[in-house]
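Residue numbers (the working numbering): 359 to 576. For each residue, glycine too, the CB sits at the ideal point set by N, CA and C. Scroll down for the structure; my scribbles are underneath it.
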């Protein structure tokens with residue numbers, strides 16, 4: 359059963375669990391898009407195919423709030439919000455080490471290589487990538503820092519690479535950190551957007567997932 363935070367005739371807002379795809383891929387594993395379609399089909403007893411528009415994504419290991427469109431008009435307007443950056447996601451992450459500054463901005467040029475890895479590169483080769491962060495809490499015993507992150511650009515693996523490149527890889531990051539077989543400590547815990555029909559600002563938050571590193575700060 360999916361965790362629905364809000365639904366009406368235009369949009370449905372849900373919490374994506376970690377390790378679930380946003381949309382299907384060649385693994386054929388069930389995706390969040392599949393689950394939302396199934397939920398609507400069963401709840402409203404809809405025959406045939408159900409329209410659900412995917413307007414943004416979260417990487418498979420990342421949990422958090424997602425909005426889906428329930429009709430093409432809403433999908434078009436929400437997609438425009440994504441392009442105009444009026445649809446905003448705030449992330450929470452646990453990083454290795456103690457970040458001394460209470461807040462800051464990271465700016466790099468990032469490039470995705472043929473192995474699906476993102477690397478820090480030069481201006482002429484990469485895309486400008488910017489994020490702002492704030493320290494929420496520091497756990498000196500565990501040598502970890504809990505941060506909130508506001509992405510100004512949405513590059514592939516941006517948060518993970520920008521923190522790792524500064525010696526603060528995300529805890530549980532098997533690709534850019536240490537392969538310790540733990541769950542990635544990254545959650546899109548807040549989502550805000552303008553409702554495509556009512557034009558009201560909608561803000562949704564979800565609890566941090568019940569995993570090792572986030573539990574270090576409870």
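Compare the beta carbon distance of residue 421 and residue 564 with 9 Å and say whether it is the shorter of the two.
Taking the chain shown and counting its residues from 1, the one referred to as residue 421 is at position 63. Taking the chain shown and counting its residues from 1, the one referred to as residue 564 is at position 206. Yes, Cβ-Cβ distance for residue 421 and residue 564 is below 9 Å.
Using the DSSP secondary-structure output, state which residues sit across from residue 549 in a beta bridge.
Position 191 of the chain shown, counted from the start, is the residue given in the question as residue 549. Answer is 447, 562, bridged to residue 549.
Using a Cβ-Cβ cut-off of 6 Å (strictly less than) and excluding sequence neighbours within five positions of residue 463, which residues of its own chain qualify?
Indexing the chain shown from 1 puts residue 463 at position 105. Contacts found: 490.
In DSSP terms, what residue 372 is bridged to:
Here residue 372 is taken as the residue at index 14 of the chain shown, counted from 1. Answer is 362, 424.
With 16 as the cutoff for other CB atoms within 10 Å, does residue 431 come out buried or exposed?
Indexing the chain shown from 1 puts residue 431 at position 73. Exposed, by the Cβ-count rule.
What residues match up with residue 508 in a beta bridge as DSSP calls it?
For the purposes of this step, residue 508 is identified with residue 150 of the chain shown, where counting begins at 1. Bridge partners of residue 508: 448, 490.
In terms of residue numbering, what span does the alpha helix (DSSP H) encompassing residue 398 cover?
Residue numbering aside, residue 398 sits at position 40 when the chain shown is read from its first letter. Residues 390 to 401.
Would residue 371 and residue 562 be called neighbours here (beta carbons separated by less than 9 Å)?
Taking the first residue of the chain shown as position 1, residue 371 is located at position 13. Taking the first residue of the chain shown as position 1, residue 562 is located at position 204. Yes, the Cβ-Cβ distance between residue 371 and residue 562 is below 9 Å.
Nearest to residue 520 (by Cα), restricted to the options 574, 485, 376, 393:
Start at 1 with the first residue of the chain shown, and residue 520 comes out as number 162. Answer by Cα proximity: 485.
Mind checking which residues open and close the beta strand (DSSP E) that includes residue 464?
For the purposes of this step, residue 464 is taken as residue 106 along the chain shown, with counting starting at 1. Residues 461 to 470.
Residues of its chain near residue 360, where Cβ-Cβ distance is below 7 Å and the 5 sequence neighbours each way are ignored
Within the chain shown, residue 360 is the residue found at index 2, counting from 1. Hits under 7 Å: 372, 393, 394, 397.
Minimum C-alpha distance to residue 495 - residue among 480, 459, 517
Start at 1 with the first residue of the chain shown, and residue 495 comes out as number 137. When each option's Cα is compared against that of residue 495, the closest is 459.
If the criterion is Cβ atoms closer than 9 Å, does the pair residue 366 and residue 378 meet it?
On the chain shown, residue 366 is found 8 positions in, with the first residue counted as 1. On the chain shown, residue 378 is found 20 positions in, with the first residue counted as 1. No, they are not a contact pair.
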